[in-house]
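To start, the structure under review is shown below, and the notes come after it.
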Amino acid sequence: MTWCKTKPNEPDEPEQPFTEEDYRRRKPHPNFKSEINVEKQVIKLGKTDKTRFLTYVVAAGLPYGGKEDIFHYFFKVAWHGESEALNVIGTGENIVPAIHVKDLSNIVASVADSKPKTRYIVAVDDSMNSMNEIITCISKNLGTGNVMNITREEALLIPE
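Structural data, given as C-alpha coordinates:
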(Lines of atoms letter the chains of each structure in order from A and count residues from 1; the text may use other names and numbers.)
(Lines give C-alpha, C1' and ligand atoms only; values in the text may rest on other atoms or scores of the structure.)
Protein backbone atom coordinates (compact mmCIF):
# COMPACT_ATOMS: atom_id res chain seq x y z
CA MET A 1 0.00 0.00 0.00
CA THR A 2 3.02 2.27 0.00
CA TRP A 3 2.56 2.49 -3.78
CA CYS A 4 -1.21 2.79 -4.15
CA LYS A 5 -1.44 6.55 -4.81
CA THR A 6 1.54 6.57 -7.21
CA LYS A 7 0.74 7.63 -10.75
CA PRO A 8 1.72 5.14 -13.50
CA ASN A 9 4.92 5.75 -15.47
CA GLU A 10 3.03 5.65 -18.74
CA PRO A 11 -0.50 7.13 -18.49
CA ASP A 12 -1.43 5.23 -21.68
CA GLU A 13 -0.32 1.94 -20.06
CA PRO A 14 -1.52 2.06 -16.43
CA GLU A 15 -0.89 -1.67 -15.96
CA GLN A 16 2.85 -1.34 -16.56
CA PRO A 17 4.49 -2.53 -13.31
CA PHE A 18 6.63 -0.32 -11.09
CA THR A 19 10.30 -1.16 -10.72
CA GLU A 20 12.99 -0.65 -8.11
CA GLU A 21 13.95 2.63 -9.80
CA ASP A 22 10.47 4.05 -9.15
CA TYR A 23 10.58 3.76 -5.36
CA ARG A 24 11.56 7.40 -4.74
CA ARG A 25 8.39 8.73 -6.34
CA ARG A 26 5.96 6.55 -4.41
CA LYS A 27 2.80 8.04 -2.96
CA PRO A 28 1.38 5.92 -0.15
CA HIS A 29 -2.18 5.52 1.00
CA PRO A 30 -2.65 7.77 4.07
CA ASN A 31 -2.95 4.70 6.32
CA PHE A 32 0.52 3.52 5.24
CA LYS A 33 2.61 6.66 5.69
CA SER A 34 4.33 5.18 8.76
CA GLU A 35 5.42 2.16 6.72
CA ILE A 36 6.98 4.31 4.03
CA ASN A 37 8.75 6.35 6.72
CA VAL A 38 10.23 3.15 8.17
CA GLU A 39 11.43 2.11 4.69
CA LYS A 40 13.08 5.50 4.20
CA GLN A 41 14.75 5.27 7.62
CA VAL A 42 16.09 1.77 6.87
CA ILE A 43 17.60 2.97 3.57
CA LYS A 44 19.07 6.05 5.29
CA LEU A 45 20.64 3.99 8.09
CA GLY A 46 22.24 1.73 5.50
CA LYS A 47 24.04 4.70 4.00
CA THR A 48 25.81 5.67 7.25
CA ASP A 49 28.59 3.04 7.20
CA LYS A 50 28.25 0.74 4.21
CA THR A 51 31.24 -1.39 5.19
CA ARG A 52 29.71 -2.43 8.53
CA PHE A 53 25.97 -2.10 8.14
CA LEU A 54 24.04 -3.00 4.96
CA THR A 55 20.30 -2.48 4.81
CA TYR A 56 17.71 -3.49 2.25
CA VAL A 57 14.00 -2.98 1.83
CA VAL A 58 12.18 -5.85 0.16
CA ALA A 59 8.81 -4.51 -0.99
CA ALA A 60 6.74 -7.64 -1.34
CA GLY A 61 3.54 -8.02 -3.29
CA LEU A 62 0.60 -9.56 -1.47
CA PRO A 63 1.95 -12.78 0.05
CA TYR A 64 -0.04 -15.95 -0.54
CA GLY A 65 0.50 -19.62 0.20
CA GLY A 66 1.28 -21.20 3.55
CA LYS A 67 -1.02 -19.67 6.14
CA GLU A 68 -1.19 -16.16 4.69
CA ASP A 69 -4.76 -15.01 4.68
CA ILE A 70 -4.90 -12.27 2.08
CA PHE A 71 -7.41 -14.22 -0.04
CA HIS A 72 -8.91 -16.18 2.89
CA TYR A 73 -12.21 -14.32 2.82
CA PHE A 74 -12.85 -15.28 -0.82
CA PHE A 75 -11.87 -18.92 -0.26
CA LYS A 76 -14.11 -19.12 2.81
CA VAL A 77 -17.18 -17.56 1.15
CA ALA A 78 -16.79 -19.81 -1.91
CA TRP A 79 -16.09 -23.00 0.05
CA HIS A 80 -18.94 -22.53 2.51
CA GLY A 81 -21.39 -21.43 -0.16
CA GLU A 82 -22.15 -18.30 1.87
CA SER A 83 -23.05 -16.29 -1.21
CA GLU A 84 -24.41 -16.90 -4.69
CA ALA A 85 -21.50 -14.89 -6.11
CA LEU A 86 -18.10 -13.67 -4.95
CA ASN A 87 -17.81 -9.90 -4.84
CA VAL A 88 -15.26 -7.89 -6.81
CA ILE A 89 -14.91 -4.26 -5.82
CA GLY A 90 -15.18 -1.97 -8.84
CA THR A 91 -14.34 -3.41 -12.24
CA GLY A 92 -11.67 -5.71 -10.82
CA GLU A 93 -9.30 -4.78 -13.63
CA ASN A 94 -6.59 -3.74 -11.18
CA ILE A 95 -3.49 -5.91 -11.37
CA VAL A 96 -2.71 -7.52 -8.02
CA PRO A 97 1.02 -7.65 -7.29
CA ALA A 98 1.41 -10.96 -5.47
CA ILE A 99 4.16 -13.37 -4.44
CA HIS A 100 4.17 -16.87 -2.99
CA VAL A 101 5.73 -16.98 0.48
CA LYS A 102 8.33 -19.55 -0.62
CA ASP A 103 9.45 -17.27 -3.46
CA LEU A 104 9.60 -14.33 -1.07
CA SER A 105 11.73 -16.27 1.40
CA ASN A 106 14.07 -17.28 -1.45
CA ILE A 107 14.42 -13.63 -2.45
CA VAL A 108 15.22 -12.57 1.12
CA ALA A 109 17.82 -15.35 1.42
CA SER A 110 19.32 -14.36 -1.94
CA VAL A 111 19.59 -10.71 -0.87
CA ALA A 112 21.33 -11.76 2.34
CA ASP A 113 23.76 -13.98 0.43
CA SER A 114 24.53 -11.83 -2.61
CA LYS A 115 24.35 -8.30 -1.12
CA PRO A 116 23.10 -6.58 -4.30
CA LYS A 117 23.85 -2.93 -5.03
CA THR A 118 20.16 -2.08 -5.23
CA ARG A 119 18.88 -1.32 -1.72
CA TYR A 120 15.19 -1.35 -2.59
CA ILE A 121 13.91 -4.59 -4.10
CA VAL A 122 10.42 -5.15 -5.50
CA ALA A 123 9.43 -8.77 -4.89
CA VAL A 124 6.44 -9.87 -6.97
CA ASP A 125 5.73 -12.85 -9.17
CA ASP A 126 5.23 -12.62 -12.93
CA SER A 127 1.55 -13.56 -12.90
CA MET A 128 0.08 -10.06 -13.53
CA ASN A 129 -3.43 -11.28 -12.65
CA SER A 130 -6.29 -8.85 -12.12
CA MET A 131 -8.44 -9.04 -9.01
CA ASN A 132 -11.33 -10.13 -11.22
CA GLU A 133 -9.26 -13.03 -12.63
CA ILE A 134 -8.20 -14.19 -9.15
CA ILE A 135 -11.71 -14.06 -7.68
CA THR A 136 -13.25 -15.66 -10.77
CA CYS A 137 -10.77 -18.55 -10.49
CA ILE A 138 -11.61 -19.04 -6.80
CA SER A 139 -15.34 -18.91 -7.56
CA LYS A 140 -15.13 -21.40 -10.45
CA ASN A 141 -13.01 -23.90 -8.51
CA LEU A 142 -14.60 -23.68 -5.06
CA GLY A 143 -17.94 -21.94 -5.43
CA THR A 144 -20.74 -21.32 -7.85
CA GLY A 145 -18.57 -19.78 -10.54
CA ASN A 146 -20.45 -16.49 -10.25
CA VAL A 147 -18.78 -13.13 -9.65
CA MET A 148 -20.54 -9.83 -8.96
CA ASN A 149 -19.02 -6.38 -9.27
CA ILE A 150 -19.88 -4.06 -6.38
CA THR A 151 -19.04 -0.48 -5.49
CA ARG A 152 -16.65 0.53 -2.69
CA GLU A 153 -19.63 1.77 -0.71
CA GLU A 154 -21.32 -1.62 -1.00
CA ALA A 155 -18.10 -3.34 0.05
CA LEU A 156 -17.99 -1.32 3.27
CA LEU A 157 -21.37 -2.78 4.23
CA ILE A 158 -20.08 -6.37 4.13
CA PRO A 159 -19.66 -7.51 7.76
CA GLU A 160 -16.31 -9.28 7.34
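Heads up: the sequence shown begins at 1 in the working numbering, then just goes up one per residue. Ideal placement from N, C-alpha and C gives every residue a C-beta, glycine not left out. As the structure is a computational prediction, the values presented were derived from the model and not from experiment.
Worksheet item: Which runs of the beta strand (DSSP E) spanning at least 3 residues fall entirely within the segment 49-124, listed in chain order?
Response: 57-60, 62-64, 86-89, 98-100, 120-123
Worksheet item: According to the neighbour-count rule (16 or more other Cβ atoms, all chains shown, within 10 Å of its Cβ), is Leu86 buried or exposed?
Response: Start at 1 with the first residue of the sequence shown, and residue 86 comes out as number 86. Counting Cβ neighbours within 10 Å, Leu86 comes out buried, since at least 16 surround it.
Worksheet entry | Start-to-end residues for the alpha helix (DSSP H) that takes in Met131 | Within the sequence shown, residue 131 is the residue found at index 131, counting from 1. Counting along the chain, the alpha helix (DSSP H) containing Met131 begins and ends at 131-142.
Item to complete: Whole angstroms is fine: what's the gap from Lys5's alpha carbon to Lys27's?
Response: Counting from 1 along the sequence shown, the entry for residue 5 is found at position 5. Counting from 1 along the sequence shown, the entry for residue 27 is found at position 27. The predicted model places Lys5 with a pLDDT of 47, which falls under 50 and marks its position as unreliable, so this point remains unresolved.
Discussion item. On the CB-based measure, 16 or more other CB atoms within 10 Å of its CB, does Ala155 come out buried or exposed?
Written reply: The residue you call residue 155 lines up with position 155 of the sequence shown. That one is exposed.
Worksheet entry | Contact belief for Val101 with Tyr56 at Cβ below 8 Å, rounded distance in angstroms | Along the sequence shown, read from residue 1 onward, the residue named residue 101 stands at position 101. Along the sequence shown, read from residue 1 onward, the residue named residue 56 stands at position 56. Not a contact, Cβ separation roughly 18 Å.
Discussion item. Given this structure, state the Cα-to-Cα distance separating Val96 from His80, to the nearest angstrom.
Written reply: In the sequence shown, counting from the first residue as 1, residue 96 sits at position 96. In the sequence shown, counting from the first residue as 1, residue 80 sits at position 80. Distance between the alpha carbons of Val96 and His80: 24 Å.
Practice prompt. Kindly list the residues whose CB is nearer than 7 Å to the CB of Met131, restricted to its own chain and excluding five residues on each side of it in sequence; keep chain order.
Written response: The sequence position of residue 131 within the sequence shown is 131, counting from 1. Result list for Met131: Val88, Gly92, Asn94, Val96, in chain order.
Worksheet item: Hey, out of Arg25, Glu82, Asn31, whose CA is closest to Gly143's CA?
Response: Residue mapping note: residue 143 aligns to position 143 of the sequence shown, counting from 1. Among Arg25, Glu82, Asn31, the Cα nearest to that of Gly143 is on Glu82.
Worksheet item: Are the segment 105-122 and the segment 55-71 in contact at 8 Å, needing three or more beta carbon pairs?
Response: Between the segment 105-122 and the segment 55-71 there are three or more inter-stretch CB-CB distances shorter than 8 Å, so the stretches are counted as touching.
Worksheet item: Could you give the distance in angstroms between the alpha-carbon of Val124 and the alpha-carbon of Phe71?
Response: Position 124 of the sequence shown, counted from the first residue, corresponds to residue 124. Position 71 of the sequence shown, counted from the first residue, corresponds to residue 71. For Val124 and Phe71, the distance between alpha carbons rounds to 16 Å.
Worksheet item: First and last residue of the beta strand (DSSP E) that includes Ile149?
Response: Against the sequence shown, residue 149 aligns to sequence position 149. The question names Ile, yet the displayed sequence has Asn at residue 149. Per DSSP, Asn149 belongs to the beta strand (DSSP E) from 147-150.
Discussion item. I'd like to check one pair, Ile99 with Ile121: are the Cβ atoms closer than 8 Å?
Written reply: Against the sequence shown, residue 121 aligns to sequence position 121. Against the sequence shown, residue 99 aligns to sequence position 99. Contact flag unset, no.
Discussion item. At the level of alpha carbons, what is the spacing between Val38 and His29?
Written reply: Looking up residue 38 in the sequence shown gives position 38. Looking up residue 29 in the sequence shown gives position 29. Cα-Cα distance, rounded: 15 Å.
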